[in-house]
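Structure first, commentary second.
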Amino acid sequence: MMTQKIKILIVILALVAFAFIVPRSGSFVVLLATRAMAFAILAMSVDLLLGYTGMSSMGQAAYFGVGAYLTAVLATKFHFGMGWDFWIVVVLGILIGCALAALFGLFAIRAGGVYFLMITLALGQCVWGLAYRWNSLTGGDNGINMSGRPSFGLDLTNETTFFYLVFAFFAVSMGLLYVLVRSPFGRSLAGIRERELRMQILGYNTWLHKYIAFIIAGGFGGVAGVLWAHTNGHVSPETVVLTTSVDSLLMVVLGGAGTLVGATLGAAIVFGLREYLSTLVPWWQYALGGVYVLTILYLPMGLMGIPSRLRQRLGSKDKGEGSKKLASKPS
Amino acid sequence: MNTQFWVIQAFNGISYGALLFLVGSGLSLIFGVMRIVNLSHGAYFLWGGYIALSVIHVTGSWALSLPVAALTVALIGVFMERLFLRSQGFENLRTGVIAAGVGVLISLAIARGTHFTWPQFIIGAVIATVAVFALLKRISIIPVDNDVLRQVLLTVGFAFLFQQGALDIWGGNNMDINPPAAFTQSVVVGGMYLPVYRVFMIGMALVIGIVLWLVMEKTRMGAAVRATVDDAQMARGVGIDTNRISMFIFALGAFLAALGGVIGGAFLGIYPGLDFEMLPLAFAVVIIGGMGSLGGAAIGALAVGLADNFGKALFPEVSYFTLYAPMVLILAIKPTGLFGRD
């Protein structure tokens, strides 16, 4: 087994290598990587809920969406956030994500299992409905086109500069979430995931723990949305559709729930299929659907679970036992 | 806003609700019996519409397209349920289907950009399929039963596959199903023109609703289904074959959704993306009514149909919000829906 320190070192080295290689690989790669990283922040926020707290939210696109719409509306209607005040928009994006999650959490956290799934789906659809129909604010189906990116000493219209900025946000988010899930608070979240009743008996206010996790995830969703709006230059109801939420869930499951690195890997793969493969072949959606099906049937622990599964297989001759253990693990 | 406005809007809402009942009742029954949240239900709707278009194109008969489309999609549903949503049985067939799919994709990927011929392509696909099959045989499948999230993602995966499949078979254009001329006229009731087709939709939903109700309440099969909804384990204990009931209900759900697709296609049109438009509406129906309850689905469909119509007519800017917000409230207050049981 690798120690935690070595793992952290590997991740940091991988990030440095990533930041070094991507800007030297052509503008299309830079753009793709930038957008994928914005999505990866969303995926990590889903992972905080799904992987560390055991809540499968089907409406995470809502926070992503409000962050993106906030940025776009401020930029086009108030010409706000195109200079140094970009940082104010970032803070506002986090706050609006948190605020929305705080509101939605009041309805959603009480519910468990399939009902949590359904209620977050409905909440996500509420936001989608507003984005789709509230023409005077959101531009309806056409969405909002933004012109240019902020410039404050750093000229973000330069793709490479913008890449580094989003990379910084991504790395900091990952670091913050890592600290969070390793903290006592994060440990109690994991306890809730494994056995909520026992945590209640131990005297933890599990509702409050879940609520706070939900709000934090909303905040990360919001900041991801702010970045997304600027990577894209265009915000439309497509940003908030059900499939965005479902995609972010798959990213987490594909990478391996409960591992922030896994969420990032998953985001890279799913995003790559959607944005890159779709430019190459017309049948890319078969690949996307195939990845969904194969992941669920063959990789329930995700890519990050492969090493332990291989170990299990090589270690014990009795294959059946290993898979049974995996199957009975509550999720 | 006179009386006529309200009557016409109510009529439109009810007829839309009739359509939603067809989609929602199946989804509700599937959830009730199998505890499966089926996100490919919208795809069944879409495929129903598309298959009907093909049937009409070939035979020219609209009446024939209804049963053919519904039965075909029911078969697709059974295929999906038996192979992928159940862990037991058909292991080799399942692995084979997956391997063939992956094999064809690999071959497609290799063939891209090169001047491939059909024999080369087929040979490539066969080799890839065999290789993938051999690989997958060595990996054990982790069953999806009782894991809501994985069922959701699995069915979403199928929804994407169906979406692309429909795009490849029928293309991306917006198409219309044209019912017989008799249906395109209007009847005058109390000085108002009501389209015959919408009257037909309401009648159709009523007939299907009553038949379903009779089957559920008055037959042995229906009693077994209700027992399974209430407590599947207990039902198994008293000797009810819940496995067969699941298959039957899944087929029925797909059948009804496809029927909805054929009927709804006449005034919604059939186009890519319709599947994911109908899906959240179907969920709204199921959730408001309560999962697994037929009467609940009827009430839910009526409520969603009316809310959708009046919302769009009265406050267009927040019309979808007025649809989904009540859904949230109901879930928050009574998670099992208005008529659902735990």
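Respectively, the protein sequence lines represent chains A and B. This note's numbering puts the first residue of the first sequence at 293, with every later residue one more than the last. This note's numbering puts the first residue of the second sequence at 461, with every later residue one more than the last. Backbone N, C-alpha and C fix where the C-beta goes; we use that ideal spot for every residue, glycine too. Please read all numbers here as calculations on a predicted model, not as lab measurements.
### Query
Any chance the CB of residue 566/A is under 7 Å from a heavy atom of the ligand NAD?
The ligand NAD is absent from the structure shown, which contains no ligand whatsoever.
### Message
At a CB distance below 8 Å, what residues from the stretch 541-560 of chain B approach chain A? Give them in sequence order.
### Response
In summary, the residues of the stretch 541-560 of chain B whose CB is separated from some CB of chain A by less than 8 Å are 544 and 558, in the order they occur in the chain.
### Query
Is the beta carbon of residue 509/A less than 8 Å from the beta carbon of residue 356/A?
The residue you call residue 509/A lines up with position 217 of the first sequence. The residue you call residue 356/A lines up with position 64 of the first sequence. Using a Cβ distance threshold of 8 Å, residue 509/A and residue 356/A do not count as a contacting pair.
### Query
Does the beta carbon of residue 657/B come closer than 8 Å to any beta carbon on chain A?
Locating residue 657/B in the second sequence gives position 197, where the first residue counts as 1. It does not; no Cβ of chain A falls within 8 Å.
### Short CB-CB distance (under 8 Å) between residue 586/B and chain E
Here the protein chains are A and B, and chain E is not one of them.
### Query
Can you name the residues that DSSP bridges to residue 540/B?
Mapped onto the second sequence, residue 540/B falls at position 80. Paired residues: none, contrary to the question.
### Query
Could one say the Cβ of residue 618/A lies closer than 8 Å to chain B's Cβ atoms, at least one of them?
On the first sequence, position 326 is the one that residue 618/A refers to. Any answer about residue 618/A is weak, because its pLDDT of 45 lies below 50 and its placement is not dependable; what the coordinates show is given next. At least one chain B Cβ lies under 8 Å of residue 618/A.
### Proximity of residue 362/A and residue 349/A at Cβ, strictly below 8 Å
Sequence index remark: in the first sequence, residue 362/A carries index 70 (1-based). Sequence index remark: in the first sequence, residue 349/A carries index 57 (1-based). Judged by beta-carbon spacing, residue 349/A lies beyond the 8 Å limit of residue 362/A, meaning their Cβ atoms are not closer than that value.
### Message
Using beta carbons (cut-off 8 Å, strictly below), is residue 338/A in contact with chain B?
### Response
Here residue 338/A corresponds to residue number 46 of the first sequence, with the count starting at 1. It does not: the Cβ of residue 338/A has no partner Cβ on chain B nearer than 8 Å.
### Task
Anything in chain A within Cβ reach of residue 781/B, meaning under 7 Å, just list it in chain order.
On the second sequence, position 321 is the one that residue 781/B refers to. 418, 421 and 422, listed in chain order.
### Query
Should residue 428/A be flagged as near chain B, meaning a C-beta pair shorter than 8 Å?
As a working mapping, residue 428/A is identified with position 136 in the first sequence. It does: the Cβ of residue 428/A has a partner Cβ on chain B nearer than 8 Å.
### Query
With a cut-off of 8 Å, does the C-beta of residue 399/A fall near any C-beta of chain B?
Along the first sequence, one-based indexing puts residue 399/A at 107. Yes, residue 399/A counts as interfacial toward chain B.
### Query
Taking Cβ-Cβ distances shorter than 9 Å, what residues in chain A pair up with residue 417/B?
Since the displayed chain B opens at 461 and closes at 802, residue 417/B lies outside it and no answer follows.
### Task
Please name the residue or residues paired with residue 646/B in a DSSP beta bridge.
The residue you call residue 646/B lines up with position 186 of the second sequence. Note: residue 646/B is bridge-paired with 655/B in the DSSP secondary-structure output.
### Task
Please say whether residue 675/B and residue 659/B have beta carbons closer to each other than 8 Å?
For this step, residue 659/B is matched to residue 199 along the second sequence. For this step, residue 675/B is matched to residue 215 along the second sequence. Cβ distance not < 8 Å, so residue 659/B and residue 675/B don't count as in contact.
### Task
With DSSP collapsed to three states, give me the class of residue 433/A.
On the first sequence, position 141 is the one that residue 433/A refers to. Helix at residue 433/A.
### Task
Report yes or no: do the stretch 551-568 of chain B and the stretch 581-597 of chain B share at least 3 C-beta pairs separated by less than 8 Å?
Contact between the stretch 551-568 of chain B and the stretch 581-597 of chain B is present, because at least three Cβ pairs lie under 8 Å.
### Message
At 4 residues or longer, what runs of the alpha helix (DSSP H) sit wholly inside the stretch 564-616 of chain A?
### Response
Counting only runs of 4 or more residues that sit fully inside the stretch 564-616 of chain A, the alpha helix (DSSP H) segments are 576-590 and 598-607, in chain order.
### Task
Using a Cβ cut-off of 8 Å (strictly closer), state whether residue 411/A contacts chain B.
In the first sequence, counting from the first residue as 1, residue 411/A sits at position 119. Taking CB atoms only, residue 411/A has a neighbour in chain B less than 8 Å away.
### Query
Does the pairing of the stretch 379-396 of chain A with the stretch 306-323 of chain A give three or more beta-carbon distances under 8 Å?
Because the criterion of three Cβ pairs below 8 Å is not met, the stretch 379-396 of chain A and the stretch 306-323 of chain A do not touch.
### Task
Taking only beta carbons into account, state which residues of the stretch 498-513 of chain B come closer than 7 Å to chain A, listed in chain order.
Cβ contacts with chain A: none found.
### Query
Are any of the Cβ atoms in chain B nearer than 8 Å to that of residue 499/A?
Counting from one through the first sequence, the residue named residue 499/A turns up at place 207. The Cβ of residue 499/A sits no closer than 8 Å to any Cβ of chain B.
### For residue 630/B, the first and last residue of its enclosing alpha helix (DSSP H)
Position 170 of the second sequence holds residue 630/B. Per DSSP, residue 630/B belongs to the alpha helix (DSSP H) from 608-630.
### Task
Would you kindly report the start and end of the unbroken alpha helix (DSSP H) that includes residue 794/B?
In the second sequence, residue 794/B corresponds to position 334, counting from 1. Taken as a continuous stretch (DSSP letters only), residue 794/B belongs to no alpha helix (DSSP H), as it is neither H nor E.
### Task
Identify whether residue 582/B lies in helix, strand or coil by the three-state DSSP scheme.
Against the second sequence, residue 582/B aligns to sequence position 122. The answer is helix: DSSP assigns residue 582/B an H, G or I state.
### Task
Consult DSSP for residue 753/B and reduce its assignment to one of helix, strand or coil.
Within the second sequence, residue 753/B is the residue found at index 293, counting from 1. Here residue 753/B sits in coil by DSSP.
### Task
Express the C-alpha separation of residue 782/B and residue 767/B in angstroms, rounding to a whole number.
Stepping through the second sequence from its first residue, residue 767/B is reached at position 307. Stepping through the second sequence from its first residue, residue 782/B is reached at position 322. Roughly 7 Å separates the two Cα atoms.
### Message
Tell me the residue span of the alpha helix (DSSP H) that contains residue 690/B.
### Response
Translated into positions along the second sequence, residue 690/B becomes position 230. Residue range 680-690 is occupied by the alpha helix (DSSP H) that includes residue 690/B.
#### Entry: chain B within 8 Å of residue 588/A, Cβ atoms only
On the first sequence, residue 588/A is found 296 positions in, with the first residue counted as 1. Chain B places a beta carbon closer than 8 Å to that of residue 588/A, counting this residue as a contact.
### Message
Looking at chain B, is there any beta carbon in it that lies within less than 8 Å of the beta carbon of residue 568/A?
### Response
By 1-based counting over the first sequence, the position of residue 568/A is 276. For residue 568/A, the answer is no, since every Cβ of chain B falls outside 8 Å of its Cβ.
#### Entry: Terminal residues of the alpha helix (DSSP H) in which residue 424/A lies
By one-based count along the first sequence, residue 424/A stands at place 132. Residues 405-425.
### Query
What whole-angstrom Cβ distance do residue 589/A and residue 566/A have, given they're in contact under 8 Å?
If you number the first sequence from 1, residue 589/A lands on position 297. If you number the first sequence from 1, residue 566/A lands on position 274. In this structure, residue 589/A and residue 566/A do not form a Cβ contact; the two beta carbons are roughly 21 Å apart against a cut-off of 8 Å.
### Message
Does the CB of residue 348/A have a neighbour CB from chain B at under 8 Å?
### Response
For the purposes of this step, residue 348/A is identified with residue 56 of the first sequence, where counting begins at 1. Contact of residue 348/A with chain B is assigned, a C-beta pair being separated by under 8 Å.
#### Entry: Delimiting residues of the alpha helix (DSSP H) encompassing residue 486/A
Walking along the first sequence from the start, residue 486/A turns up at place 194. That run of the alpha helix (DSSP H) goes 476-486.
### Task
Taking all protein chains shown into account, decide if residue 631/B is buried (16 or more other Cβ within 10 angstroms of its Cβ) or exposed.
Within the second sequence, the letter at position 171 stands for residue 631/B. Label assigned to residue 631/B: exposed.
### Task
Express the C-alpha separation of residue 750/B and residue 600/A in angstroms, rounding to a whole number.
Along the first sequence, read from residue 1 onward, the residue named residue 600/A stands at position 308. Along the second sequence, read from residue 1 onward, the residue named residue 750/B stands at position 290. Going from the Cα of residue 600/A to the Cα of residue 750/B covers about 41 Å.
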